[in-house]
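The numbering used here numbers the first residue of the sequence shown as 127 and each following residue consecutively. Notes follow the structure.
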Amino acid sequence: MQSPKYTARAHTNIALIKYWGKLDQDLIIPMNSSLSLTLDKFYTDTSVFFDSTLKQDIFRLNNKGSSSLKVTHFMKVLREKTGETRFAMINSENHVPSAAGLASSASAFAALALAASRAAGLVLDSRSLSRLARRGSGSATRSIYGGFVEWQQGSDDATSYAVPFEENVAWDLSMIAVVISAKQKKISSSVGMQRVVATSPYYSAWRKTAAQDLAAMKKAIKKRDFRQVGTIAEENAMKMHALNASAHPHFSYFEPASLQVMKIVADLRSNGIFCYYTLDAGPNVKIICQNKDIQTILAALAPSFSQERLVVAGPGPGVKLIDKP
Ligand code: PMV
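Structure (structure tokens):
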């Protein structure tokens, strides 16, 4: 017996205030609250149905058979929560308009949470969906909503979820994603953050300043103070990467080309073009800028990066069903 098939679309998000460290590994309760911008250009479409003839979950990514321990674990959690006993057929497609490398677990688990819960017969409100997506990947907690989103850390499964901070962003704000490498990262975000929490002597300072950065970021967004938003985001990202440099053994996600982009951005800024960078658990750089400066920034990057490695994105929407029975 087969369940009805549901298909959901979720967009990825980039954190302006980073989540970096777990209080609870299994429930994925973070050590600090975070804030992100959901982007329009990068998204995942996922369809799910349950089938009593399946002997295990089947996961296909971009039309190829795939396997993921995180997906297997997530589906186990979902079955426990919904009472569904059958295994599922899961088809996922990442839409990344470039040489890849920007597909993310945020869009993947937000789309899977909506499609799988509906296929299991459960209609969840946004808060419950955010809590469910969190069990797949921390950053997915925020991809339930569009625009600026805050993930309130909470202290347990019931209290850790995202809330919209500003869903429909009417502001001329963009992110230019510079694709440095599409390769799988050597140190996953999970392993990286766990090592930092266990060994960085600066971790308690991170928790304190992340809370201050978040409060200042919310004020700056409300005031539409672009330079302040950019400055806080860049400094917060550098604090996160400084934790990695202070871990034991220390590690870094930067590649030489990441540093090159960071220098181009700093040079543009000293010439009066206000733009700022942020990096996650990988070498790709995202440049936060205003629409009027996009062409100047692209021109400064053009000698070193081909056009298909530069993707301009704007604020994007929250998760939604795109196909249902
Ligand atoms: O939840 P994950 O495994 O995608 O980890 C996300 C970690 C960062 O992207 C570095 C920060 C963030 O808040 O998205």
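For each residue, glycine too, the CB sits at the ideal point set by N, CA and C. The model shown is predicted, which means the values in this text are computed figures rather than measured ones.
Rounded to whole angstroms, what's the CA-CA distance from LYS348 to GLY247? Just pull it up for me. On the sequence shown, residue 348 is found 222 positions in, with the first residue counted as 1. On the sequence shown, residue 247 is found 121 positions in, with the first residue counted as 1. Computed Cα separation, rounded: 39 Å.
If you drop the 5 nearest sequence neighbours on each side, which residues of the same chain put their C-beta closer than 6 Å to that of ILE399? Mapped onto the sequence shown, residue 399 falls at position 273. Excluding sequence neighbours, ILE399 sits near ASP419 and THR422.
Length of the line joining the Cα atoms of ALA225 and ALA407: The residue you call residue 225 lines up with position 99 of the sequence shown. The residue you call residue 407 lines up with position 281 of the sequence shown. Here the model assigns ALA225 a pLDDT of 49, short of 50, so the residue's position is not dependable and the matter cannot be decided.
If you reduce the DSSP assignment to three classes, tell me which class MET215 lands in. For the purposes of this step, residue 215 is identified with residue 89 of the sequence shown, where counting begins at 1. Reduced to three states, the DSSP call for MET215 is strand.
Excluding the 5 residues flanking SER326 on each side, which residues of the same chain have their C-beta closer than 6 Å to its C-beta? Counting from 1 along the sequence shown, the entry for residue 326 is found at position 200. Cβ neighbours of SER326 beyond the five flanking positions: LEU369, SER372 and ALA373.
Pull up the DSSP beta-bridge partners for ALA320, would you. As a first step, residue 320 must be located in the sequence shown, where it is residue number 194. Reading off the sequence, residue 320 comes out as Gln, not Ala. None; GLN320 has no bridge partner.
Hey, would you say PHE168 sits closer than 8 Å to THR208, going by beta carbons? Mapped onto the sequence shown, residue 168 falls at position 42. Mapped onto the sequence shown, residue 208 falls at position 82. Taking 8 Å as the Cβ cut-off, PHE168 and THR208 do not qualify as a contacting pair.
Looking at the secondary structure, which residues open and close the beta strand (DSSP E) in which LEU142 lies? Here residue 142 is taken as the residue at index 16 of the sequence shown, counted from 1. Where LEU142 is concerned, the enclosing beta strand (DSSP E) stretches over 132–143.
Just to be sure I understand the criterion: a residue counts if its Cβ is closer than 5 Å to at least one heavy atom of the ligand PMV. Which residues meet that? ALA141, LYS144, TYR145, SER160, SER231, SER263, GLY264, SER265, SER315, ASP406 and ALA407
Could you check what DSSP says for HIS376 in three-state terms: helix, strand or coil? On the sequence shown, residue 376 is found 250 positions in, with the first residue counted as 1. Here HIS376 sits in coil by DSSP.
Could you please give the first and the last residue of the uninterrupted beta strand (DSSP E) stretch that includes SER269? Stepping through the sequence shown from its first residue, residue 269 is reached at position 143. Per DSSP, SER269 belongs to no beta strand (DSSP E) and is neither H nor E.
Do VAL304 and LEU424 come within 8 Å of each other at the CB atom, strictly closer than that value? For this step, residue 424 is matched to residue 298 along the sequence shown. For this step, residue 304 is matched to residue 178 along the sequence shown. No, the pair does not count as a contact, with Cβ atoms beyond the cut-off.
For ASN220, three-class secondary structure by DSSP: Stepping through the sequence shown from its first residue, residue 220 is reached at position 94. Correct three-state label for ASN220: strand.
Pull up the DSSP beta-bridge partners for SER300, would you. On the sequence shown, residue 300 is found 174 positions in, with the first residue counted as 1. Note: SER300 sits in a beta bridge opposite CYS415.
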